[in-house]
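Student: Residue numbers (the UniProt record's numbering), protein chains in the order written: chain C, 1 to 465; chain V, 1 to 465.
Note that beta-carbon positions come from the ideal geometry of N, C-alpha and C, so glycine has one too.
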């Protein structure tokens, strides 16, 4: 693991920032700012991340584990001194994985692959299914293919995803996962297997949801790891080159099932503001995780970061605006928590929304989607994070999944973009575990978030709605 | 992946070596040496490794897959032009894995672990077993513990294995795997789980054999990945600190079974020497693999390296001594192939034995265990490999598993020690797949082996027995 933020810079930045956010007279030593607190050996985010991943582990949406996580979260946030801590429940349809096995059965002796079912995948039944593979080098190639190339076959979607600091490959390559099975089902495929949406070379496939349009009957859908996809491609090349005889065939056993409607919930906690009339700042993450790992980078760390920053702002002195911490439920399987929050609170005024849901590596860019009235505010924010190596972006902030509905509805947003270079090595895999988190980069996140949150929570009504 | 051997050096070394091994007059350009051939875009080792791992995949000893690998190997070695290619069969007792699952069931909600059974592990039965965990920080701590600490419990053996270039940690930490279950069984444990013998942080546990003494009834024995062992330790610390209530408990389902006596075999091929009276040079690897990966670094690459080097020596001109290539069967599960070779050929004279079974990263050291008569020979060998970054070691050569019985019986040995820094990231895991091999380092192996083999196969009777 690397440490791109020298301790020297963290310390220097803190000194400058104390002046920026607490402009007291030169005679009086300023009280510790939120940034000072974040820099002084902060382990709040780490301990939240460690405890949640150790004591709960995976937190698949709608399951007993997610319910236990909510109970844990309420107790933890209360013990940190937050106000109005509560679990706001909602109903959701729950899908859980069952057995998952796959073999290449032809043209060579059977070889077992590392596979995982995609969320909403249909079941193959316990006996599984077997079929010829229809190979597509990309999602676009599948879309362009005539039905005859697909009908009655197991579609395989290949691609070459490379790591990118901003994670932008997820949109491009992710299409194979998001809707590949739907496209294949409409063309008559009996199942879909994709090269997992990931940049690692380990035999831990990346899970994730796939979506079938209304009226399209779901088919079994899985993802195999990069080394397994490489193996499939090598066998495919031997078949097409005629150096191996017989078709490329796969056997699949995927037995996920739908458990019907269950409870999930959003855990909410607040730092009450001095001015009850001022609209709140909302900071979000999601408490649920996929089930293969312990959801450390996705998204225990995010919950640790936003709660630690809010706690530091609270400790530094009551802010003008309320800070509302949202640990959303059921994000992974369809952003049900974000929608439930919007349904319950969307008509309330929010000053600005932020989300941490891209791992635990350092923040490298700040982006804004703010009203014109916030020009000076955005300059203050950019100046405050610059000492920590965070640059000002030239594109509008996106928001994030759990605050997506709010931002869509016009709530201003600030993004603290994290370095995603290795995010898709781990995302949704069994390898998403605590040991993957670099404590130094996690702390840089908390420092940057504390700086930003202190400024936003003390912003004027003339600056934010 | 890194490239520690600049192409420049590979080229320069070759020029020098052509002179060393083919001392012709300055007027006549020398014919290409084995090293020249190895340097000219050699892909023999790669193609053997790729084809074996792709067309056969895992090759668990005594199984249909290993038999297919032998058939493949005979055809491949014949097609390369080797003489006397044959499969020398032997009987062995075969163990195969079944279901393997584990959960931490207390003090928190059940959490699933990544586990694999160790070779010769007993079965838990399909329903599994559950018990309190007796934690030991090391194999030595288990040995020192009174029976009362172990009786009726699931023993967990922890340790901290760090990567080492020479792989020496395997001996120290490996004891927990080699005999930990035996020690625990004698003290009354119901099962043993070890922190896998590995240096990676992926949730792919390292398989491997464990040995029970005659008279000790085998118990279920498994290995969990490093991240899972970390999780277990974190839960253990919470139990001992009293911050979690209830004992640390584990449920295990391991259903391996013994298939009885089956056939394995050694595949042998030769480069016949000019002098039928001269004793042969034997170069070995093993054809079988553990079953979780495709046995790319362990040991398809070794078979590729030794066969490619022998082929290059053959192409460069018939050597004085016969080169015998041994692709041994059933190494992983107890060196049955090496023993079978010794039983069949141990009374024949062998000039010297070498083995490649430590991955595919570069050779960095040459070690000797040669008769006094070979002083000048060892100097020639050390000089020949120096241009490729290989240093002369100060310790005697070990030989290797498959030639172990020969070396034990007095056959001279040369070791071409490979860089093992990342070997135990991959060893015996699902991640031992083709993509982990660095083609540049693999080629350096072939170049070094070609240089050494050319000299050894042309050595005098006054130098080697």
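So, is the C-beta of residue 128 of chain V closer than 7 Å to a C-beta in chain C?
Tutor: No, residue 128 of chain V does not count as interfacial toward chain C.
Student: Assign residue 313 of chain C to one of two classes, buried (16 or more other C-beta atoms within 10 Å of its C-beta) or exposed (fewer than that).
Tutor: Result: buried.
Student: If distances are taken between C-alpha atoms only, which option among C:413, C:204 and C:363 comes closest to residue 378 of chain C?
Tutor: Minimum Cα distance to residue 378 of chain C is reached at C:413.
Student: Nearest-angstrom Cα distance between residue 417 of chain C and residue 114 of chain V?
Tutor: Cα to Cα, the separation comes out at about 32 Å.
Student: Counting contacts by CB-CB distance shorter than 7 Å, is residue 108 of chain V in contact with chain C?
Tutor: Closer than 7 Å to some Cβ of chain C, the Cβ of residue 108 of chain V qualifies, so yes.
Student: Return no unless some Cβ of chain V is closer than 7 Å to the Cβ of residue 202 of chain C.
Tutor: Cβ-Cβ to chain V under 7 Å: yes for residue 202 of chain C.
Student: So if I threshold CB-CB distances at 7 Å, which residues from the segment 77-111 of chain V count as touching chain C?
Tutor: Going along the segment 77-111 of chain V in chain order, one finds 108, 109 and 111 with a Cβ nearer than 7 Å to chain C.
Student: Grab me the residues of residue 239 of chain V's own chain with a C-beta within less than 8 Å of its C-beta, minus the 5 sequence neighbours each way, in chain order.
Tutor: The residues are 107, 246, 247 and 248.
Student: Decide if residue 367 of chain C is buried, meaning its Cβ has at least 16 other Cβ atoms within 10 Å, or exposed.
Tutor: The residue is buried, with at least 16 neighbouring Cβ atoms inside 10 Å.
Student: Using a Cβ cut-off of 7 Å (strictly closer), state whether residue 460 of chain C contacts chain V.
Tutor: Closer than 7 Å: no.
Student: Rounded to whole angstroms, how far is the Cβ of residue 121 of chain V from the Cβ of residue 254 of chain V, which I believe are closer than 8 Å?
Tutor: Yes, residue 121 of chain V and residue 254 of chain V are in contact; Cβ-Cβ is about 6 Å, under 8 Å.
Student: Given a cut-off of 7 Å on the beta-carbon distance, is the pair residue 474 of chain C and residue 217 of chain C in contact?
Tutor: Residue numbering for chain C in the displayed model covers 1 to 465; residue 474 of chain C lies beyond these limits and cannot be assessed.
Student: Compare the Cα-Cα distances from residue 227 of chain C to each of V:436, V:455 and V:463 and report the closest residue.
Tutor: The option with the nearest alpha carbon to residue 227 of chain C is V:436.
Student: Do you know whose CA, among C:267, C:98 and C:234, lies nearest residue 68 of chain C's CA?
Tutor: Comparing Cα-Cα distances from residue 68 of chain C to each of C:267, C:98 and C:234, the minimum goes to C:267.
Student: Give me the Cβ distance between residue 59 of chain V and residue 288 of chain V, rounded to the nearest whole Å; I'm assuming they're in contact under 8 Å.
Tutor: With a Cβ gap of about 5 Å, residue 59 of chain V and residue 288 of chain V count as contacting.
Student: Which full runs of the beta strand (DSSP E) of 3+ residues lie inside the segment 279-314 of chain V, going along the chain?
Tutor: List check, beta strand (DSSP E) in window: 281-286.
Student: With DSSP as the reference, label residue 116 of chain C as helix, strand or coil.
Tutor: In the structure shown, residue 116 of chain C sits in a strand (DSSP, three-state: E or B).
Student: Quick one: what does DSSP say residue 163 of chain V is sitting in, helix, strand or coil?
Tutor: Residue 163 of chain V falls in the coil class under three-state DSSP.
Student: Can you have a look at residue 459 of chain V and say buried or exposed, based on whether 16 or more other CB atoms are within 10 angstroms of its CB?
Tutor: Counting Cβ neighbours within 10 Å, residue 459 of chain V comes out buried, since at least 16 surround it.
Student: With a cut-off of 7 Å, does the C-beta of residue 234 of chain C fall near any C-beta of chain V?
Tutor: With 7 Å as the cut-off, residue 234 of chain C counts as an interface residue toward chain V.
Student: Straight-line CA distance for residue 80 of chain V to residue 300 of chain V?
Tutor: Each residue's Cα considered, the two are about 16 Å apart.
Student: Ignore the nearest five residues each way along the sequence and tell me which others in residue 38 of chain C's own chain have a CB closer than 6 Å to its CB.
Tutor: Contacts found: 312, 446, 447 and 450.
Student: Measure from the alpha carbon of residue 408 of chain V to the alpha carbon of each residue in V:426, V:346 and V:439, then state which is nearest.
Tutor: Cα-wise, what sits closest to residue 408 of chain V is V:346.
Student: By Cβ distance, which residues of its chain are closer than 6 Å to residue 94 of chain C, with the 5 residues on each side in sequence left out?
Tutor: Only 62, 259 and 262 meet the Cβ criterion.
Student: State the Cα-Cα distance for the pair residue 123 of chain V and residue 100 of chain V, rounded to the nearest angstrom.
Tutor: Looking at the two C-alpha atoms, the distance is approximately 10 Å.
Student: In chain V, which residues lie less than 7 Å from residue 64 of chain C when you measure between Cβ atoms?
Tutor: Here the neighbours are 109.
Student: Quick one: Cα of residue 111 of chain V to Cα of residue 102 of chain V, how far?
Tutor: Answer to the nearest angstrom: the Cα atoms are 8 Å apart.
Student: Using 7 Å as the limit for Cβ to Cβ distance, is residue 205 of chain C near chain V?
Tutor: Chain V, which has no Cβ nearer than 7 Å to the Cβ of residue 205 of chain C, makes this no.
Student: Which residue comes first and which comes last in the beta strand (DSSP E) that contains residue 258 of chain C?
Tutor: First-last of the beta strand (DSSP E) with residue 258 of chain C: 257-271.
Student: Return the CA-CA distance between residue 36 of chain C and residue 324 of chain C, expressed in angstroms with no decimal places.
Tutor: Whole-angstrom Cα-Cα distance: 22 Å.
Student: Am I right that residue 116 of chain C and residue 292 of chain C are in contact with their C-beta atoms under 8 Å? What's the rounded C-beta distance?
Tutor: Their Cβ separation, rounded to whole angstroms, is 6 Å, which keeps residue 116 of chain C and residue 292 of chain C in contact under 8 Å.
Student: Quick one, which residues of the segment 419-431 of chain V are near chain C if we go by CB-CB under 7 Å, in chain order?
Tutor: Listed by position along the chain: 430 and 431.
Student: Does the Cβ-Cβ distance between residue 351 of chain C and residue 380 of chain C come in under 7 Å?
Tutor: Against a cut-off of 7 Å, the Cβ pair of residue 380 of chain C and residue 351 of chain C comes out as no contact.
Student: If you follow the beta strand (DSSP E) that residue 365 of chain C is part of, which residue opens it and which one closes it?
Tutor: Run containing residue 365 of chain C: 363-369, per the beta strand (DSSP E) assignment.
Student: What does the Cβ neighbour count give for residue 309 of chain C, buried or exposed, with the cut at 16 atoms within 10 Å?
Tutor: With 16 or more Cβ atoms within 10 Å of its Cβ, residue 309 of chain C is classed as buried.
Student: Return helix, strand or coil for residue 21 of chain C, following the three-state DSSP convention.
Tutor: Confidence at residue 21 of chain C is low in this model, with a pLDDT of 48, below 50, so the placement of that residue should be treated as unreliable; the coordinate-derived value is given next. Residue state, collapsed to three classes: helix.
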